[in-house]
Amino acid sequence: MFTSVLMIEKALTSADVEFVTTLHGDESVAFQVLLQPRGDQADRLLRAIDDVALGELDEAAHEDETPEGEAAAGQGQQALEVSLVALRATGNQAEGRLIEDHPLDALKALVEEIDADEVLVLTDPHYVEEFFHRDWASRARHKVGVPVLKLFSHSKV
-18 MFTSVLMIEK ALTSADVEFV TTLHGDESVA FQVLLQPRGD QADRLLRAID DVALGELDEA
42 AHEDETPEGE AAAGQGQQAL EVSLVALRAT GNQAEGRLIE DHPLDALKAL VEEIDADEVL
102 VLTDPHYVEE FFHRDWASRA RHKVGVPVLK LFSHSKV
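With our numbering applied, the sequence shown closes on residue 138, and no number is skipped along the way.
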């Protein structure tokens, strides 16, 4: 069985589930999902810049209304549960957890703990972070010792 660690920032859409579960053809996959709820004030600015770059001006104007930190934990747990149910419905194994601090440290520890075969980072585009190679996938490539595949979410939830 192939073991993938899947890092996400929101609930998986049905298109996302189909995408990640068909990457390895008919081979069974055990997913370990890590979800990090929204970040801090600096993240809010970067998200707003990304929204503007994508032409989503309404989204940028309302970034201050998005729950963050403790307020986002409940929504994060719900998004994680929805994602796990969707992955399991495809016949694959799926376990997961929320991560709040130091996502790359948590990722590295989990990869070592379960002897993962790969890491899949599935997020919306983050142009500023990607340009400076500060996004999860770019930083994880130097940290985890297994292949890291960066994927973009198919649609907004």
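Ideal Cβ placement from N, Cα and C applies to all residues, glycine included. No experiment lies behind these values; they were computed from the predicted model shown.
Mind checking whether residue i and residue j have CB atoms under 8 Å apart?
{"i": "Ala87", "j": "Ile80", "result": "yes"}
{"i": "Thr104", "j": "Glu(-1)", "result": "no"}
{"i": "Val(-14)", "j": "Leu15", "result": "yes"}
How many angstroms separate the CA atom of residue i from the CA atom of residue j?
{"i": "Leu149", "j": "Gly55", "result": "A question about residue 149 goes unanswered here, because the residues of the chain that appear run from -18 up to 138."}
{"i": "Asp(-3)", "j": "Glu93", "result": "25 Å"}
{"i": "Pro84", "j": "Gly6", "result": "29 Å"}
{"i": "Phe12", "j": "Ser119", "result": "21 Å"}
{"i": "Ser(-5)", "j": "Ala97", "result": "24 Å"}
{"i": "Leu68", "j": "Leu61", "result": "11 Å"}
{"i": "Glu8", "j": "Pro18", "result": "30 Å"}
{"i": "Met82", "j": "Val127", "result": "For clarity, residue 82 is Asp in the given sequence; the question names Met instead. The alpha-carbon atoms of Asp82 and Val127 are separated by roughly 22 Å."}
{"i": "Asn73", "j": "Val10", "result": "6 Å"}
{"i": "Lys124", "j": "Ala70", "result": "31 Å"}
{"i": "Lys131", "j": "Gln59", "result": "24 Å"}
{"i": "Val129", "j": "Leu(-7)", "result": "19 Å"}
{"i": "Thr133", "j": "Val102", "result": "Before going on, a small fix: residue 133 reads as Phe here, not Thr. So the alpha carbons of these two residues sit roughly 8 Å apart."}
{"i": "Lys89", "j": "Thr(-16)", "result": "14 Å"}
{"i": "His135", "j": "Leu91", "result": "26 Å"}
{"i": "Phe113", "j": "Val63", "result": "Below a pLDDT of 50, predicted positions are generally treated as unreliable, and Phe113, at 49, falls in that range; no measurement from the model is reported."}
Could you round the C-beta distance between residue i and residue j to whole angstroms and report it? I think they count as a contact, below 8 Å.
{"i": "Met(-18)", "j": "Trp117", "result": "Going by Cβ atoms, the distance from Met(-18) to Trp117 rounds to 24 Å, so no, they are not a contact pair."}
{"i": "Val100", "j": "Ala121", "result": "6 Å"}
{"i": "Leu65", "j": "Gly57", "result": "At roughly 13 Å, the Cβ-Cβ gap does not stay under 8 Å, so Leu65 and Gly57 are not in contact."}
Mind pulling the alpha helix (DSSP H) runs of 4 or more residues that sit fully within the segment -14 to 22? -5 to 2
Please list the segments of the beta strand (DSSP E) lying wholly inside the segment 56 to 109, counting only runs of 3 or more residues, in order along the chain. 74 to 79 and 99 to 104
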